[in-house]
Amino acid sequence: MSAAVTDLAALIGDLEDLLGPEAVSVDPTARRVASTDWAHMSPILSAKLPAGLADVVAYPGTPEQIAGTVRLAHRHRVPVTPRGQGTGNYGQGIPLRDGLVVDTSRCARVLDIGPGWIRAEAGVSLAAIEAAARREGQEIAIMPSTVGSAIAGFIAGGSGGTGSIENGFTWDEYVHSMDIAPCTDEGSLITVDSGQCAPHIHAYGVTGVIATATVTLVPKRDWIGLFASFAEEEAALAAAHELLRLDPAPRILSVDEPGVLETYPKDKAIPAGRFSVRAVIDRSSTTSASRTVTCHGGTVEAVRDKGAAYLASLSFNHVTHRARKARPELCHLQVHGEALTTRPDEVRAVLPETLLHLDGFRVDRTAGVDGRGLVGMLLCRFDGADALYAGIEGLNAVGVEVHDPHTWLLHNDNLNEIREAAQRFDPEGLLNPGKLPPS
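In the numbering used here, the protein residues as written are -8 to 430.
Here it is in structure tokens:
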């Protein structure tokens, strides 16, 4: 028996002592499920899959058990990959070095709630947090359109979504504090407050496993769905920019060209051959939003009391999933920049068969309402990695910035800060190895 196998067997025994045998699995199906996420949406990443397979999966039920699980992995020098619900799109939760996957789905209690904040365990879904908040007259400031995602997974692997028009990204004052499980001999939970949270946000767990998180709540609103259509793209974009400045701000706003609509379910409120503008707005804004649409030459196709959840499913990476299901030859890039709305035809000319889907975001927290803008998904025909990356250079040349969704390597702006935190919380480099590029 090799040393690695010996260490693994010892780890499994210790995990069963800590968690109970029912919370530790070496079942092949459980290991396979715990080793996958939505990386298959990328033709580049899918060609590398399967990229790793967990040797064992642990299901801790409390924050303290998460800390104990990670501590045991450190003792036996076994790599650790944290997992929420596996809804990430970039391979964030794929164990590239095999080892232990820590599935946090059983650590799922809302712990406390107060004015403007909620504290929850790692595995609590955003839908459950939203429900708890709304019972108290509040709602979560930002959540992904995949509302079943776990709060720790969203913080560690996501960035924004529903609510981002008003409240920005997860690193924009969204996280108040976290309890982090370090991969060290001591292994007790370490509390990090708002000023210390940045290296743990969108860091894929390489700086410690998030065991609890306290995040921002905002006052509850009465959200409804507005569906509008336009004959011309320029008018649709002008209306969308004005709708972004509604008060209260929309919770979601999306713009699609006709080619994207061909991949959507048939809906009378989203007529084919036109540019679609859809928004989740506060009911009090119905009249002003409708007036904005008509003033720009558009048609209000529908206003639906229960349209918010449906519109979330036509936003962000849901669009990529729908498009690739309908047209498997397509791939996507996450894009932003004024050229998307001021020079869209030049943008479309860079890569073959380009289609644009745009979503509203608070892109500059320092600029107030004027900081709201449109970012999006660029869909294009995939002609191989070399052609795609050449296209990214072409997009940069016309003023479009690209966040690469075809790599599981972290490429944050604060990589040095993340590396410093990783040295403190994971000195042996056992946490999600292969995701943090070398300095």
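Ideal placement from N, C-alpha and C gives every residue a C-beta, glycine not left out.
Could you name the residues that DSSP lists as bridge partners for residue i?
i: C371; result: C322
i: S245; result: R269, D350
i: H327; result: V366, E392
i: W399; result: Looking at the DSSP assignment, W399 forms no beta bridge with any residue, so it has no partner.
i: A314; result: A314 is not bridged to any residue.
i: L208; result: I131
i: I57; result: The partner list for I57 (beta bridge, DSSP) is empty, contrary to what the question assumes.
i: F218; result: R269, A293
i: T203; result: E112, D170
i: T72; result: V92
i: V48; result: S16, V92
i: L422; result: V71
If contacts are defined as beta-carbon pairs under 8 Å, then residue i and residue j qualify, I think. What distance do you get, rounded to the angstrom?
i: R339; j: T333; result: Not confirmed; about 13 Å, so no contact.
i: Q76; j: G139; result: 6 Å
i: V197; j: K39; result: With 8 Å as the limit, V197 and K39 do not qualify as a contact, their Cβ atoms being about 19 Å apart.
i: V69; j: A25; result: With 8 Å as the limit, V69 and A25 do not qualify as a contact, their Cβ atoms being about 14 Å apart.
i: G107; j: I133; result: Their Cβ separation, rounded to whole angstroms, is 14 Å, which puts G107 and I133 out of contact at 8 Å.
i: P54; j: D170; result: 6 Å
i: N423; j: P73; result: 7 Å
i: A42; j: L421; result: 17 Å between Cβ atoms; not a contact.
i: R126; j: D213; result: In fact, because the Cβ distance is near 15 Å, the residues do not count as touching under 8 Å.
i: A317; j: T357; result: Their Cβ separation, rounded to whole angstroms, is 39 Å, which puts A317 and T357 out of contact at 8 Å.
i: F373; j: L365; result: Their Cβ separation, rounded to whole angstroms, is 24 Å, which puts F373 and L365 out of contact at 8 Å.
i: G159; j: R353; result: 4 Å
i: Y81; j: T398; result: 7 Å
What residues in its chain sit with their C-beta under 6 Å from that of residue i, if we drop five residues either side in the sequence?
i: E392; result: H327, G328
i: T290; result: S220
i: S306; result: S136, I243, S245, D350
i: L431; result: Outside the modelled stretch of the chain, which goes from -8 to 430, sits residue 431, for which no answer is possible.
i: H167; result: W108, S185, T205
i: A240; result: I156, E157
i: V310; result: H348, M368
i: G385; result: V341
Near residue i, what residues of its chain come up, given a Cβ to Cβ distance below 8 Å and the 5 sequence neighbours on each side ignored?
i: A330; result: E337, V338, V389, G390, V391
i: G52; result: L10, A14, R97, C98
i: N403; result: H193, A194, I409
i: R315; result: M32, L321, C322, H323
i: S304; result: S136
i: P428; result: L400, L401, H402, L406
i: R22; result: S16, L44, A45, D46, V47, V48, V92
i: D89; result: G43, L44, A45, D46, P70
i: N387; result: V393
i: A299; result: W214, I215, G216, R242, I243, V271
i: F416; result: I171, P173, C174, T175, I181, T198, G199, L422
Once the 5 residues before and after residue i are set aside, which same chain residues still bring their CB inside 7 Å of it?
i: A58; result: A172, G178, S179, L180, A202
i: G4; result: none
i: A280; result: L217, L234, L237, A270, I272
i: E224; result: E248, F266, P335
i: A226; result: H287, G288, G289
i: A123; result: V101, I104, I109
i: A231; result: L244, V246, V268, L365
i: D296; result: I215
i: A0; result: none
According to the Cβ coordinates, are residue i and residue j closer than 8 Å?
i: R363; j: I156; result: yes
i: P396; j: S116; result: no
i: Q83; j: D46; result: no
i: L349; j: C371; result: no
i: L433; j: A49; result: Nothing in the structure corresponds to residue 433, since the chain is present only between -8 and 430.
i: L206; j: I104; result: The sequence given here places Val at residue 206; Leu does not occur at that position. No, these two residues do not count as a Cβ contact at 8 Å.
i: K211; j: Q325; result: no
i: V101; j: V200; result: no
i: E292; j: A263; result: no
i: T277; j: V294; result: yes
i: I85; j: A30; result: yes
i: A412; j: P256; result: no
i: G229; j: H287; result: Checking the sequence, you will find Ala at residue 229 rather than Gly. Yes, the pair counts as a contact, with Cβ atoms nearer than the cut-off.
i: P418; j: T182; result: no
i: H67; j: D(-2); result: yes
i: G144; j: G79; result: yes
i: A432; j: I35; result: Absent from the model: residue 432. The displayed extent of the chain is -8 to 430, so no value can be given.
i: G161; j: I146; result: It should be noted that the sequence gives Thr, not Gly, for residue 161. It is a contact, given that the beta carbons lie within the stated cut-off.
i: T95; j: A111; result: no
Ignoring anything shorter than 3 residues, give me the beta strand (DSSP E) runs that lie fully in the segment 78 to 128, in order along the chain.
91 to 94, 101 to 105, 108 to 112
Contained alpha helix (DSSP H) runs [length at least 4] in the segment 133 to 184, N- to C-terminal order:
Qualifying alpha helix (DSSP H) stretches, in chain order: 142 to 148, 155 to 158.
Just list the alpha helix (DSSP H) runs in the segment 221 to 245, keeping only unbroken ones of 4 residues or longer that don't cross its boundaries, in chain order.
224 to 234
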